[in-house]
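Beneath this line is the structure, given in structure tokens, with notes to follow.
Spelled out as structure tokens, the structure:
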């Protein structure tokens, strides 16, 4: 019965803590927020649809029905004014309605078009055009309102269709009555037709005599039309001959026009060329004064060039002397670098193959320090591995002592890490660092046993750092720090008010003091080793410094070699520059001689300029006369081309007149032919009519018999229709508008939206309540409460069940207050309590075993249940993935069972759902009992590993900071 300890412990904790009391009240009321508030908001939203504003715009202009004005749009408006299913707002114009729908004033609008009545009344006129009723919904505002408006639109359409069917059927039967009256009238008409056919039969012989006379006249007309055709043929042939000569005339005039245009175009091109020639000659003449001036400038420029080159030639000896001085300076630089190169090689010498000489300079010093370091390391190893009088190696003694101290600290660490030892956070941090130091020393000495020469030095340096630090002037032993920390922790425990009352704290105090003494003993035993390691550290530092100096000197030697080579190249280049400067001096002397010749040539060209000016003036006058003559010739050819063009333009008119004359003669000839053919057909037709007169007589006799029979049958049809029209047109129209009486009888009535969703939201509220209570009820128990994991699970479960029962009762009563009337109230409340127990078992299993991952899992399962449980849409309508998940989630069975309890229980369905939920409860409780011990062990291991990693990381950071500080001090 130890689980009751857990129960009473949690009750006392809650009772003593005001914050936990407030949290408990909030968690008990939380399902009301999820279940109650949601259901209150959506309990019966469809009872308030009269508050949904819908705009109605009636544009119908009406029509005429049975000589009376009607307006079915006004009738619809009258019906809607008496309808409170939606909030109908009657708007006068379409623009206001559109703006209201696009903004936030209306959710939808109904538009009755202007031809609505007209299309309905056209049914009586034999026209079937469906009247339109426009229903525009802004579903962007609210999708559910859009569905409501769509349903309203369908109902409105059905009502209007019913009225239209009444009118249509009434019209059909009215027309049947008219048809009956028409048949009676037709009977009277056929009697009169029979009298007319009798008179026709008597007139057929008179028609036969008149056809004989028409046939004789048609024969005479046909003979005369043959003579007229011969005359029209001769006229057509003459006009055709004249038309055949027209292409030759047109071609001749066209060639004449093209030739004149080509001559005129060529003369125009010649004139344009003469104008350009004249302008060029004038420009050339205008530029001659500039030519004279430029020749004078050319002469002056050659004179200046000659003088400048003379100055360069005079300064060339100074340039030669400067190059000679640079060459001497480069020679001195080269000699100095060679001397430096020879001196540096004393520190860093290489043979002919480029290999460094190991027996001289810095390499020899480096080799010596490495040998010294090796001997010191070997001496340390010999000292540690030499057995003492008791036959034990010092290294084994040190390793054994460090191992025992670490094992002792490891046993105490579990107690300190649990937080139940009354020490400060700083002491806890020092404890973790001390454990790490002891562990590192133990591992380093153990590694030193089997280390070879390649990694032995590195291990010794690590040990030296832990025993001496980096600063050999002020050595600091880490073991002394560990001993001091252990004494401080022991003193802090001794000062605790519980020290005298708790024996475990007294034992812990003694253990810490013993560990401190053991650390001091090991530190004293290592004093001689620390001094030797200090020498080893110094030699290692010297060896490293010499190695860096060797590398630097090597780079210096390479740099001096490159500098020496560059100075030699500089000297050789200056020597070559001196030779090239001599060649430059000789070239400048040749240029000076050429500038003298250039000046003499410019002087001669200046004397020929007046002769060129006189010739250009004569050329300019000749081009002016040529241009004027070509201009006059161009004007004459243009007039000639214009006259030929006028002649060419008249030719098409002549040709068109001849063609029209020819077409007229053709039409005349064709018309006479058609007229003659027509007269022949008339003659043949009259002959045929004469031959058919006996048949006409026979047909008149048959027509008389048919009309007599039609008169008889029409009378019979009118009598039969009158017998079948037993009901009035209004009665038949009303029947066809609503021909069926539908009776909808639900098996279980659900008249509210909230009643249908209550099982869904109650399950949601209880699940969230179960999740939230584990945010302040955890699997932790007081340290002094010695109970097993099964007792923890059962005790915590009972506490949660008590809270869950309160949640379920409050939520059940709140939903009843909203308007739910369960078929069995005690069963309804009891099932909700049971459902809370199921959800608590599932949440406890996941959270106690998995921690925060379990809380996330509970939330994910909730999201999956919201979509796959069938609480809103039936299972058949959801996607295939959610259909497969549906049988494995609790909401599926809680919602199904609650529907049976609320609306009337089917015991088979209810029992099956309760059995599955009970199975889930027992399954998760059993899993909690079985797996909790293993989960606790895993959590403890993970916690210890995390703490170790944190300690090592902090020590590494401290070591790096200390290294940086030491490097800064150095």
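In our numbering, the protein residues as written are 1156 to 2125. Every residue gets a Cβ at the ideal spot worked out from N, C-alpha and C, and that includes glycine. None of these values were measured; they are calculated from a predicted model.
Item checked: residue 1970 vs residue 2016 beta-carbon contact at 8 Å -> As a working note, residue 1970 is residue 815 in the chain shown. As a working note, residue 2016 is residue 861 in the chain shown. For the pair residue 1970 and residue 2016, the CB atoms are not nearer than the 8 Å cut-off.
Item checked: Segment limits, beta strand (DSSP E) that includes residue 1150 -> Since the first residue of the chain shown is 1156 and the last is 2125, residue 1150 is not available in this structure.
Note to self: Relative to the C-alpha of residue 1674, which candidate in 2056, 1597, 1308, 1783 has its C-alpha closest?
What the structure shows: On the chain shown, residue 1674 is found 519 positions in, with the first residue counted as 1. The residue from 2056, 1597, 1308, 1783 with its alpha-carbon nearest to that of residue 1674 is 1597.
Check: Excluding sequence positions up to five away, which residues of its chain have a Cβ less than 8 Å from the Cβ of residue 1559?
Finding: Here the question's residue 1559 lines up with position 404 in the chain shown. Same-chain partners within the cutoff: 1673.
Note to self: Please report the straight-line C-alpha distance between residue 1900 and residue 2049, rounded to a whole angstrom.
What the structure shows: Here residue 1900 refers to the residue found at position 745 when the chain shown is read from its first residue. Here residue 2049 refers to the residue found at position 894 when the chain shown is read from its first residue. Summary for residue 1900: the model assigns pLDDT 49, below 50, so the residue's position carries little reliability; its value from the coordinates is reported in the next sentence. Taking the CA atoms as reference points, residue 1900 sits about 27 Å from residue 2049.
Item checked: 8 Å Cβ shell around residue 2061 - same chain, five flanking residues per side excluded -> Here residue 2061 is taken as the residue at index 906 of the chain shown, counted from 1. Excluding residues up to 5 positions away in sequence, 2055 lie with their Cβ nearer than 8 Å to the Cβ of residue 2061 in the same chain.
Note to self: Considering just the uninterrupted stretch of the alpha helix (DSSP H) at residue 1637, what are its terminal residues?
What the structure shows: Walking along the chain shown from the start, residue 1637 turns up at place 482. Element bounds for residue 1637: 1633-1649.
Notebook entry, point to check: Just to confirm, are residue 1206 and residue 1256 a CB contact at a threshold of 8 Å?
Noted result: Translated into positions along the chain shown, residue 1206 becomes position 51. Translated into positions along the chain shown, residue 1256 becomes position 101. Contact check for residue 1206 against residue 1256 fails: the beta carbons are separated by 8 Å or more.
Check: So, helix, strand or coil for residue 1657, using DSSP?
Finding: Residue mapping note: residue 1657 aligns to position 502 of the chain shown, counting from 1. Coil.
Check: Which runs of the alpha helix (DSSP H) fall wholly inside the region 2013-2091 and span at least 4 residues, in chain order?
Finding: Complete alpha helix (DSSP H) runs here, min 4: 2035-2040, 2045-2058.
Check: Once you ignore the five residues that flank residue 1987 on each side, which residues in its own chain have a CB closer than 6 Å to its CB?
Finding: If you number the chain shown from 1, residue 1987 lands on position 832. Same-chain partners within the cutoff: 1963, 1967.
Margin query: Looking at residue 2046: is its Cβ nearer than 8 Å to the Cβ of residue 2024?
Written below: For the purposes of this step, residue 2046 is taken as the residue at position 891 of the chain shown. For the purposes of this step, residue 2024 is taken as the residue at position 869 of the chain shown. Contact flag set, yes.
Next item on the list: Report the option in 1992, 1914, 2013 whose CA atom is closest to the CA atom of residue 2001.
Entry: Here residue 2001 corresponds to residue number 846 of the chain shown, with the count starting at 1. Checked all of 1992, 1914, 2013; the closest Cα to residue 2001 is 2013.
Check: When the Cα atoms are used, what is the spatial distance from residue 1902 to residue 2052?
Finding: Your numbering for residue 1902 matches position 747 in the chain shown. Your numbering for residue 2052 matches position 897 in the chain shown. Unreliable placement is indicated for residue 1902, whose pLDDT of 49 sits below 50; the coordinate value is still reported in the next sentence. Rounded to the nearest angstrom, the two C-alpha atoms are 17 Å apart.
Checklist line | Touching by the beta-carbon criterion (3+ pairs, under 8 Å), the region 2088-2097 and the region 1953-1961 | finding: At 8 Å Cβ cutoff, the stretches do not touch.
Check: Any idea if residue 2018 is buried or exposed, counting beta-carbon neighbours within 10 angstroms, 16 or more meaning buried?
Finding: Your numbering for residue 2018 matches position 863 in the chain shown. Classification for residue 2018: exposed.
Notebook entry, point to check: So the alpha helix (DSSP H) residue 1233 belongs to, where does it begin and stop?
Noted result: For this step, residue 1233 is matched to residue 78 along the chain shown. 1227-1236 is the extent of the alpha helix (DSSP H) around residue 1233.
Checklist line | Sub-8 Å separation of residue 1235 and residue 1266 beta-carbons | finding: Within the chain shown, the letter at position 80 stands for residue 1235. Within the chain shown, the letter at position 111 stands for residue 1266. Not a contact, by the Cβ cut-off of 8 Å.
Checklist line | Helix, strand or coil at residue 1933 [DSSP, three-state] | finding: Numbered from its first residue, the chain shown carries residue 1933 at position 778. Coil, per DSSP.
Margin query: My output table needs one value for residue 1417: the three-state DSSP class, helix, strand or coil.
Written below: The residue given as residue 1417 occupies position 262 in the chain shown. Per DSSP, reduced to three states, the secondary structure at residue 1417 is helical.
Item checked: residue 1671 - DSSP class collapsed to helix/strand/coil -> The count along the chain shown starts at 1 and reaches residue 1671 at position 516. In the three-state DSSP reduction, residue 1671 falls in the helix class (H, G or I).
Next item on the list: Report yes or no: do three or more beta-carbon pairs, one from the region 1640-1647 and one from the region 1577-1597, lie closer than 8 Å?
Entry: Touching, yes, given that three or more Cβ pairs across the two stretches are closer than 8 Å.
Note to self: Quick check on residue 2110: does DSSP put it in helix, strand or coil?
What the structure shows: Within the chain shown, the letter at position 955 stands for residue 2110. The answer is helix: DSSP assigns residue 2110 an H, G or I state.
Next item on the list: Indicate the three-state DSSP secondary structure (helix, strand or coil) for residue 1976 in the structure shown.
Entry: Taking the first residue of the chain shown as position 1, residue 1976 is located at position 821. Annotated three-state conformation of residue 1976 is coil, per DSSP.
Margin query: Taking the straight line between their C-alpha atoms, what separation do you get for residue 1233 and residue 1911?
Written below: One-based indexing of the chain shown puts residue 1233 at position 78. One-based indexing of the chain shown puts residue 1911 at position 756. Here the C-alpha atom of residue 1233 lies approximately 35 Å from the C-alpha atom of residue 1911.
Notebook entry, point to check: If you draw a straight line from the alpha carbon of residue 1278 to that of residue 1847, how long is it in whole angstroms?
Noted result: By 1-based counting over the chain shown, the position of residue 1278 is 123. By 1-based counting over the chain shown, the position of residue 1847 is 692. The straight-line gap from Cα to Cα measures roughly 47 Å.
Next item on the list: Tell me where the alpha helix (DSSP H) around residue 1272 begins and ends.
Entry: Within the chain shown, numbered from 1, the residue matching residue 1272 stands at position 117. 1271-1276 is the extent of the alpha helix (DSSP H) around residue 1272.
Check: From this set, 1286, 1184, 1248, which residue's C-alpha is nearest residue 1218's C-alpha?
Finding: In the chain shown, the residue the question calls residue 1218 occupies position 63. Closest by alpha carbon: 1286.
Next item on the list: Would you kindly work out how many angstroms separate the C-alpha atoms of residue 2099 and residue 2032, rounded to a whole number?
Entry: Locating residue 2099 in the chain shown gives position 944, counting from the first residue. Locating residue 2032 in the chain shown gives position 877, counting from the first residue. The straight-line gap from Cα to Cα measures roughly 51 Å.
Item checked: Reduced DSSP category for residue 1267 - H, G, I as helix; E, B as strand; rest coil -> Along the chain shown, one-based indexing puts residue 1267 at 112. In the three-state scheme derived from DSSP, where H, G and I count as helix and E and B as strand, residue 1267 is classed as strand.
Check: Could you give the distance in angstroms between the alpha-carbon of residue 1922 and the alpha-carbon of residue 2021?
Finding: Taking the first residue of the chain shown as position 1, residue 1922 is located at position 767. Taking the first residue of the chain shown as position 1, residue 2021 is located at position 866. If you draw a straight line from the Cα of residue 1922 to the Cα of residue 2021, it is about 11 Å long.
Next item on the list: Select from 1997, 1734, 1214, 1972 the residue whose C-alpha is nearest the C-alpha of residue 1250.
Entry: The count along the chain shown starts at 1 and reaches residue 1250 at position 95. That would be 1214, whose Cα lies nearest to the Cα of residue 1250.
Next item on the list: Hey, could you find the ends of the alpha helix (DSSP H) residue 1256 is sitting in?
Entry: If you number the chain shown from 1, residue 1256 lands on position 101. For residue 1256, the enclosing alpha helix (DSSP H) stretches over residues 1249-1257.
Next item on the list: Put residue 1223 into one of helix, strand or coil per three-state DSSP.
Entry: Within the chain shown, the letter at position 68 stands for residue 1223. Strand, per DSSP.
Item checked: For residue 1948, the nearest candidate out of 1312, 2087, 1392 (CA to CA) -> On the chain shown, position 793 is the one that residue 1948 refers to. Out of 1312, 2087, 1392, 2087 has the C-alpha closest to the C-alpha of residue 1948.
Item checked: Which residues DSSP lists as bridging residue 1601, in chain order -> Mapped onto the chain shown, residue 1601 falls at position 446. Looking at the DSSP output, residue 1601 shares a beta bridge with no other residue.
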